[in-house]
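Number of protein chains: 2
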Amino acid sequence: MINFIDVCKDTPYIRFLDFYKRAILKKQRNIEAISISSFNDNRKEVESRYVNLKYIRDQEWIFFSNYHSPKSESFSSHKQISAILFWESINLQIRIKAKIYKTDSDFSDYHFSKRSLSKNALAISSFQSKPIESFDIIKDNFENALKKKEILTKRPDYWGGFSFEPYYFEFWEGGSNRLNKREAFLKDKKIWTHSYLQP
Amino acid sequence: MINFIDVCKDTPYIRFLDFYKRAILKKQRNIEAISISSFNDNRKEVESRYVNLKYIRDQEWIFFSNYHSPKSESFSSHKQISAILFWESINLQIRIKAKIYKTDSDFSDYHFSKRSLSKNALAISSFQSKPIESFDIIKDNFENALKKKEILTKRPDYWGGFSFEPYYFEFWEGGSNRLNKREAFLKDKKIWTHSYLQP
Numbered sequence: 786m787i788n789f790i791d792v793c794k795d796t797p798y799i800r801f802l803d804f805y806k807r808a809i810l811k812k813q814r815n816i817e818a819i820s821i822s823s824f825n826d827n828r829k830e831v832e833s834r835y836v837n838l839k840y841i842r843d844q845e846w847i848f849f850s851n852y853h854s855p856k857s858e859s860f861s862s863h864k865q866i867s868a869i870l871f872w873e874s875i876n877l878q879i880r881i882k883a884k885i886y887k888t889d890s891d892f893s894d895y896h897f898s899k900r901s902l903s904k905n906a907l908a909i910s911s912f913q914s915k916p917i918e919s920f921d922i923i924k925d926n927f928e929n930a931l932k933k934k935e936i937l938t939k940r941p942d943y944w945g946g947f948s949f950e951p952y953y954f955e956f957w958e959g960g961s962n963r964l965n966k967r968e969a970f971l972k973d974k975k976i977w978t979h980s981y982l983q984p
Numbered sequence: 786m787i788n789f790i791d792v793c794k795d796t797p798y799i800r801f802l803d804f805y806k807r808a809i810l811k812k813q814r815n816i817e818a819i820s821i822s823s824f825n826d827n828r829k830e831v832e833s834r835y836v837n838l839k840y841i842r843d844q845e846w847i848f849f850s851n852y853h854s855p856k857s858e859s860f861s862s863h864k865q866i867s868a869i870l871f872w873e874s875i876n877l878q879i880r881i882k883a884k885i886y887k888t889d890s891d892f893s894d895y896h897f898s899k900r901s902l903s904k905n906a907l908a909i910s911s912f913q914s915k916p917i918e919s920f921d922i923i924k925d926n927f928e929n930a931l932k933k934k935e936i937l938t939k940r941p942d943y944w945g946g947f948s949f950e951p952y953y954f955e956f957w958e959g960g961s962n963r964l965n966k967r968e969a970f971l972k973d974k975k976i977w978t979h980s981y982l983q984p
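Chain order of the listed sequences is A and B. Read in order, the letters of the first sequence correspond to residues 786 to 984 in the working numbering. Read in order, the letters of the second sequence correspond to residues 786 to 984 in the working numbering.
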């Protein structure tokens, strides 16, 4: 599930919330799974990974990560990303382009304080995406962190939120014979322009 | 379903085929849905979209598209992409980085000749991703193309395959408490290097 906080009232957001309700009614699983693609301008490489979208607050779409991870490096080097959701239950693809930045630290603190201690133990004990000799060492590090109750509620400075603000949406509904319905919204100077796209 | 033709025998391919079989046994839907992310070097923008992965032939992963589409422009401007599969039935994410190029035209001809006439009518009648006034015009264009039987088996030169050859794989298996198993394979001078990554 995604948590909604004072969500923006612009047309693409209304469209998004309508599709979200339809997907929930169809019991869409992993509805918060979103693929985030970035460009690492140092290595000139596109990279993608799934994250859990935790909040939409006004126009800010928020997920959490390790700030020393490769994706964090990519977001610093090129501050634009693409995101994509696919809700099979309603055969809908949502394509997004957005600007990305670090979430304010108060909000990251708030979210960290609400999480389970076991998730926090993992966030604290893992050097995300760094190589390691075996999976057993990962489990040991996690078990050791879990014993240190005093550190499990204080957010480490290397962990927090990323917020992205979409300036482009495409809602793609699959149809028979590839007659897919595609509607796009592009934001320019605070105004959203709508268009239909050929399939 | 993905069609396999003389698939490469390297370790990450063996791993891939093993996961594929497990997902098929779990009746994974849309198993061929893959998100392709590209960088448009003219507009300095990352973009993502789902496509259907049709073939893996040796080390070539093949899908089909309009060659005048925005993604085709991106692939020309920056010849590296990322791709991502998520098979919920086995809680597996497969992250790929690859080089991309146009599939040889004989293979595109072969695939076009095997497709249904209705899919070909859509491929011929649609100027993919170009704006249009309404969805009704799209349907009219499609119905008109469908009547011209003589053109429906000849591949137009603006439609064909894209092949990408992975040089990086990550197999990400979701675990409890975010203790995810991550294994990476990186290819350098024809040799794959294996590592475990921290979650």
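Heads up, the beta-carbon is just placed ideally off N, CA and C, and yes, glycines get one too.
Chain-ordered neighbours of Lys915 (chain A) on chain B, where CB pairs are closer than 8 Å: Near Lys915 (chain A) (Cβ distances below 8 Å), the residues of chain B are Leu982, Gln983.
Which listed residue (B:Asn876, B:Lys864, B:Ser898) has its alpha carbon closest to that of Lys884 (chain B): That would be B:Lys864, whose Cα lies nearest to the Cα of Lys884 (chain B).
Reduced DSSP category for Asp963 (chain B) - H, G, I as helix; E, B as strand; rest coil: Here residue 963 (chain B) turns out to be Arg, not Asp, going by the sequence shown. Looking at Arg963 (chain B) - three-state DSSP - the assignment turns out to be helix.
Limits of the alpha helix (DSSP H) - the one that His896 (chain B) falls within: 890-899
Sequence-distant residues of the same chain with beta carbon closer than 6 Å to Asn827 (chain B), five excluded per side: Ser862
Residue-level contact to chain A via CB, Phe912 (chain B), 9 Å cutoff: yes
Proximal residues of chain A, C-beta to C-beta of Ser867 (chain B) below 7 Å: Ser822, Val831, Glu832, Ser833
Minimum Cβ-Cβ distance from Ala908 (chain B) to chain A less than 9 Å: For Ala908 (chain B), the nearest CB of chain A lies under 9 Å from its own CB, placing it at the interface with that chain.
Under 9 Å by beta carbon: chain B residues contacting Glu873 (chain A): Arg814, Asn815, Ala818, Glu873
Interface residues of chain A facing Ser903 (chain B) [CB-CB closer than 7 Å]: Asn962
Any C-beta of chain A under 9 Å from that of Ser919 (chain B): Closer than 9 Å to the CB of Ser919 (chain B) there is at least one CB belonging to chain A.
For Arg800 (chain B) and Arg880 (chain A), the rounded distance between their alpha carbons: 30 Å
Contact check, Trp770 (chain B) vs Arg967 (chain B), beta carbons under 9 Å: An answer regarding residue 770 (chain B) cannot be provided, because it is not within the stretch 786 to 984 covered by chain B.
Leu802 (chain B): first and last residue of the uninterrupted alpha helix (DSSP H) it sits in: 796-810
9 Å Cβ cutoff met for Arg834 (chain B) and Ser820 (chain B): yes
Contacting positions in the region 926-949 of chain A - beta carbon closer than 7 Å to chain B: Along the region 926-949 of chain A, going in chain order, the ones with a CB nearer than 7 Å to a CB of chain B are Phe927.
Limits of the unbroken beta strand (DSSP E) element including Leu870 (chain B): 865-872
CA-to-CA distance, Lys812 (chain B) to Gln983 (chain A), given in whole angstroms: 32 Å
Beta carbon of Asn905 (chain A) nearer than 9 Å to that of Ser903 (chain B): no
Stretch-stretch touch, CB-based, cutoff 8 Å, three pairs: the region 867-878 of chain A with the region 925-943 of chain A: no
Exposure of Ser854 (chain A), with buried meaning 16 or more beta-carbon neighbours within 10 Å: buried
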